[in-house]
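Peer 1:
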Amino acid sequence: MAKLIPQLLQAALIYAVANLAHAKLSITPIESALPLSADVQQSLEQHPLLMRSAAELDYALALQQKFNIGDNPWTFNTGLQMRRADASNEQSSSSHSYEPSIGIEKQLRLPSKLNLDRELGQSVLNLAELAYLDQWHEASKLMLMQWFDYLTALSHVQRSQEQLQLIQQQMDILTQRVRIGDVARLELMLLSNQQQQVQAQLLQNQSQVQHYQLILKRYFSGQLPSHFSTDQIQLLDSRYSQQDWVDSVLNDNHELKLAQRQAQHMHSLLQRQQLDKRPDPTVGLGYSQEQKGAEHLISLSLSIPLSTQQVKVATKMAQAEAKKADIAAEQIKRRLIDETILSYQQLQQTQQRIQHAQTLSSQLQNQHALMNKAYKLGEINLNELLLHSQQLIESKSNLDQAKIDYAKNMAILLLNSHLIWTPTHLHDKGREYEQAQTQGQG
């Protein structure tokens, strides 16, 4: 049998072509917001979902071999019969003899069924390989979401710390004015209350960081950052239109390919069921002895099952399963299109949010020095200064969140288009399964 090339090896080539096709899109502006690719590769290879899928690949390889050799082994049968002759005029007593028989038989697959079974065996292996790649993609998306949850919590901690620094600066100013009178002492007490509230919020944010850290470290083996600045995130070149992203995602989506291959597999099973309208014959060869070994008999047998009704029912069931698979594949395609459009629209919205948040944050930052100066001169009261400081921190937090959301939406589009976190070990795994296939066929 000709050596079959595993789908995993082909997928590696598809990845390379896809990356060349999208080379014009640089991911550098958001690269700092993503974990190292080497850490992701190592983590995903050890992920339980991927380890289970790898075991399913071994099962699929064995199932392929089962399709090749068939379900009907040679059957050996033997028997022994006793022949008894009653007494006659010539014989005063009855006589008996033992007559042995042996035989072998096997149900033979018709050539058309044999060829289709081999195709079904290869299809089973391809489905398992696509399922492995789909699990890789799903595990990648889960890790991506957990990563950005961690970055969001980290940014909240940093903004709480910044707010505490602002309060401390204001308390330092007030300390110099305490001697003036009770008003300054009252303002210092108000600032102390505000400080305690922010410290409580900081503790809550730190707890969130620890929570997401534990979730992420469950399957991520890389080093987690202790600090993160959203200033590193820049907007990417927006030459890609909505339709470009849709085409890019559908071009090599594992989930869609898996559903389409499953539909093809179900149609092949339907075709295989229809071939059973012409049943497989069973041939046999037998040998027996009679008359105390004086007679030697050799027999040939041919039997054909008559199961017309059973084949009709099984064919109808296969037709229904094939139709269900077609509908499922179309639904997945529609869902992927909708999800890509939604991600693109969210990407556009986050760009607008970033622009608005940057404008507001810059304005408030420029006003902050004037507000501090006015407070020192007694032109504004403490509540006005605290309100402005709160607005400044909130504007920076909104800008942080907008940038993180932008990086997350862009990363999802890049991940779904196989521009990041593609498995680099496909060549090695493809060679392993190709060798296993060759040994199995040998």
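FYI, the numbering for the sequence shown is -23 to -1, 1 to 419, going by mature numbering (1 follows the signal peptide of the UniProt record, and there is no 0).
We put the CB at the ideal spot given by N, CA and C, even for glycine.
Please read all numbers here as calculations on a predicted model, not as lab measurements.
1) Could you give the DSSP three-state label for residue 52: helix, strand or coil?
2) Please report the distance separating the alpha-carbon of residue 349 from that of residue 377.
3) Thinking residue 111 and residue 235 are a contact (beta carbons under 8 Å), I'd like their distance in whole angstroms, please.
4) Assuming residue 252 and residue 90 make a contact with CB atoms under 8 Å, what is their CB distance in whole Å?
5) Taking the DSSP output, what are the residues bridged to residue 83?
6) Between which two residues does the alpha helix (DSSP H) holding residue 232 run?
7) What residue ranges within the region 266 to 291 form continuous beta strand (DSSP E) runs of no fewer than 3 residues, ordered along the chain?
8) Closer than 6 Å by C-beta to residue 394: which residues in its own chain qualify, once you throw out the five before and the five after it? Chain order, please.
9) In terms of residue numbering, what span does the alpha helix (DSSP H) encompassing residue 98 cover?
10) Residues in the same chain with beta-carbon distance under 7 Å from residue 330, minus the five sequence neighbours each way, listed in chain order, please.
11) For the alpha helix (DSSP H) that residue 397 lies in, which residues bound it at each end?
12) Does the region 176 to 189 come within contact of the region 346 to 363, defined as at least 3 CB pairs closer than 8 Å?
13) Alpha carbon to alpha carbon, how far is residue 1 from residue 179?
14) If we count the other Cβ atoms within 10 Å of its Cβ and call it buried at 16 or more, is residue 387 buried or exposed?
15) Give me the Cα-Cα distance between residue 291 and residue 282, rounded to the nearest whole angstrom.
16) DSSP three-state label for residue 76, please.
17) Quick one: what's got a C-beta closer than 7 Å to residue 296's C-beta in the same chain, skipping five residues either side?
18) Can you list the alpha helix (DSSP H) stretches of 4 or more residues lying completely in the region 304 to 339, in chain order?
19) Should residue 21 and residue 13 be called a contact, given that it needs their Cβ atoms to be closer than 8 Å?
20) Using 8 Å as the Cβ pair cut-off and three pairs as the minimum, do the region 187 to 196 and the region 362 to 374 touch?
21) Would you decide whether residue 203 is buried or exposed? Buried here means 16 or more other CB atoms lie within 10 Å of its CB.
22) Please state whether DSSP places residue 195 in a helix, a strand or coil.
23) Alpha carbon to alpha carbon, what distance is there between residue 337 and residue 399?
24) Going by DSSP, what residue range makes up the alpha helix (DSSP H) through residue 40?
25) Where does residue 362 fall in DSSP's three states?
26) Taking the beta carbon of residue 272 as the centre, do at least 16 other beta carbons fall within 10 Å, making it buried, or is it exposed?
27) Going along the chain, which residues of its own chain have a beta-carbon closer than 6 Å to the beta-carbon of residue 78, five neighbours each way excluded?
28) Let me make sure I understand the geometry here. Which of 199, 102, 148 and 51 has the alpha-carbon closest to that of residue 120?
29) Using beta carbons (cut-off 8 Å, strictly below), is residue 82 in contact with chain C?
30) Between residue 59 and residue 245, what straight-line distance do the alpha-carbon atoms span, to the nearest angstrom?
31) Which word fits residue 109, buried or exposed, when buried means at least 16 other C-beta atoms lie within 10 angstroms of its C-beta?
32) When you compare only the Cα positions, how much space is there between residue 117 and residue 325?
33) Among residues of its own chain, excluding the 5 on either side of residue 87, which ones have a beta-carbon nearer than 8 Å to its beta-carbon?
34) Tell me the DSSP bridge mates of residue 166?
35) Would residue 370 and residue 135 qualify as a contact pair, given that the criterion is a beta-carbon distance under 8 Å?
36) Rounded to the nearest angstrom, what separates residue 312 and residue 211 at their Cα positions?
Peer 2: Answer, in terms of the structure:
1) Locating residue 52 in the sequence shown gives position 75, counting from the first residue. Reduced to three states, the DSSP call for residue 52 is strand.
2) Numbered from 1 along the sequence shown, position 372 holds the residue referred to as residue 349. Numbered from 1 along the sequence shown, position 400 holds the residue referred to as residue 377. Going by the C-alpha atoms only, they are around 24 Å apart.
3) Here residue 111 refers to the residue found at position 134 of the sequence shown. Here residue 235 refers to the residue found at position 258 of the sequence shown. The C-beta separation of residue 111 from residue 235 comes to about 5 Å, placing the pair in contact by the 8 Å criterion.
4) Working through the sequence shown from its first residue, we reach residue 252 at position 275. Working through the sequence shown from its first residue, we reach residue 90 at position 113. Correct: roughly 5 Å between the Cβ atoms.
5) The count along the sequence shown starts at 1 and reaches residue 83 at position 106. The partner list for residue 83 (beta bridge, DSSP) reads 260.
6) In the sequence shown, counting from the first residue as 1, residue 232 sits at position 255. Counted as a single uninterrupted DSSP element, the alpha helix (DSSP H) harbouring residue 232 occupies residues 231 to 252.
7) The region 266 to 291 contains these whole beta strand (DSSP E) runs: 272 to 280.
8) Here residue 394 refers to the residue found at position 417 when the sequence shown is read from its first residue. Correct list, in chain order: 225 and 226.
9) Indexing the sequence shown from 1 puts residue 98 at position 121. Where residue 98 is concerned, the enclosing alpha helix (DSSP H) starts and stops at 88 to 152.
10) Reading the sequence shown from its first residue, position 353 is the one you call residue 330. Here the set comprises 379.
11) For this step, residue 397 is matched to residue 420 along the sequence shown. Careful: residue 397 lies outside any alpha helix (DSSP H) and carries neither H nor E.
12) Taking 8 Å as the limit for Cβ pairs, the verdict is that the region 346 to 363 does not touch the region 176 to 189.
13) Here residue 1 is taken as the residue at index 24 of the sequence shown, counted from 1. Here residue 179 is taken as the residue at index 202 of the sequence shown, counted from 1. Any reading at residue 1 needs caution, since the residue's pLDDT is 49, under 50, leaving its predicted position unreliable; the model's value is listed next. One alpha carbon belongs to residue 1, the other to residue 179, and they sit about 42 Å apart.
14) Here residue 387 corresponds to residue number 410 of the sequence shown, with the count starting at 1. Label assigned to residue 387: buried.
15) Mapped onto the sequence shown, residue 291 falls at position 314. Mapped onto the sequence shown, residue 282 falls at position 305. Looking at the two C-alpha atoms, the distance is approximately 15 Å.
16) One-based indexing of the sequence shown puts residue 76 at position 99. In the structure shown, residue 76 sits in a strand (DSSP, three-state: E or B).
17) Here residue 296 corresponds to residue number 319 of the sequence shown, with the count starting at 1. Result list for residue 296: 247, in chain order.
18) Within the region 304 to 339, no complete alpha helix (DSSP H) run reaches 4 residues.
19) Sequence index remark: in the sequence shown, residue 21 carries index 44 (1-based). Sequence index remark: in the sequence shown, residue 13 carries index 36 (1-based). Remark: C-beta atoms of residue 21 and residue 13 do not approach each other more closely than 8 Å.
20) The answer is no - the region 362 to 374 does not touch the region 187 to 196, with fewer than three Cβ pairs under 8 Å.
21) Walking along the sequence shown from the start, residue 203 turns up at place 226. With a 10 Å radius around the Cβ and a threshold of 16 neighbouring Cβ atoms, residue 203 comes out exposed.
22) Locating residue 195 in the sequence shown gives position 218, counting from the first residue. Residue state, collapsed to three classes: coil.
23) Taking the first residue of the sequence shown as 1, we reach residue 399 at position 422. Taking the first residue of the sequence shown as 1, we reach residue 337 at position 360. Residue 399 and residue 337 have their C-alpha atoms spaced approximately 39 Å apart.
24) Counting from one through the sequence shown, the residue named residue 40 turns up at place 63. Element bounds for residue 40: 25 to 46.
25) Counted from its first residue, the sequence shown places residue 362 at position 385. Under the three-state reduction of DSSP, residue 362 is assigned to helix.
26) By one-based count along the sequence shown, residue 272 stands at place 295. Classification of residue 272: exposed, given that the 10 Å Cβ count is below 16.
27) By one-based count along the sequence shown, residue 78 stands at place 101. The residues are 56 and 265.
28) The sequence position of residue 120 within the sequence shown is 143, counting from 1. Measuring from the Cα of residue 120, the nearest candidate turns out to be 199.
29) Reference to chain C is not applicable here, since this structure consists of a single protein chain.
30) The sequence position of residue 59 within the sequence shown is 82, counting from 1. The sequence position of residue 245 within the sequence shown is 268, counting from 1. Answer to the nearest angstrom: the Cα atoms are 51 Å apart.
31) For the purposes of this step, residue 109 is identified with residue 132 of the sequence shown, where counting begins at 1. Residue burial annotation: residue 109 is buried, with at least 16 other C-beta atoms found within 10 angstroms of its C-beta.
32) By 1-based counting over the sequence shown, the position of residue 117 is 140. By 1-based counting over the sequence shown, the position of residue 325 is 348. Each residue's alpha carbon lies about 23 Å from the other.
33) Taking the first residue of the sequence shown as 1, we reach residue 87 at position 110. Here the set comprises 252, 255 and 257.
34) As a working note, residue 166 is residue 189 in the sequence shown. When beta bridges are read from the DSSP output, residue 166 appears opposite no residue.
35) The residue given as residue 370 occupies position 393 in the sequence shown. The residue given as residue 135 occupies position 158 in the sequence shown. Cβ distance not < 8 Å, so residue 370 and residue 135 don't count as in contact.
36) To locate residue 312, count along the sequence shown from 1; it is residue 335. To locate residue 211, count along the sequence shown from 1; it is residue 234. Near 29 Å, if we compare the C-alpha coordinates of residue 211 and residue 312.
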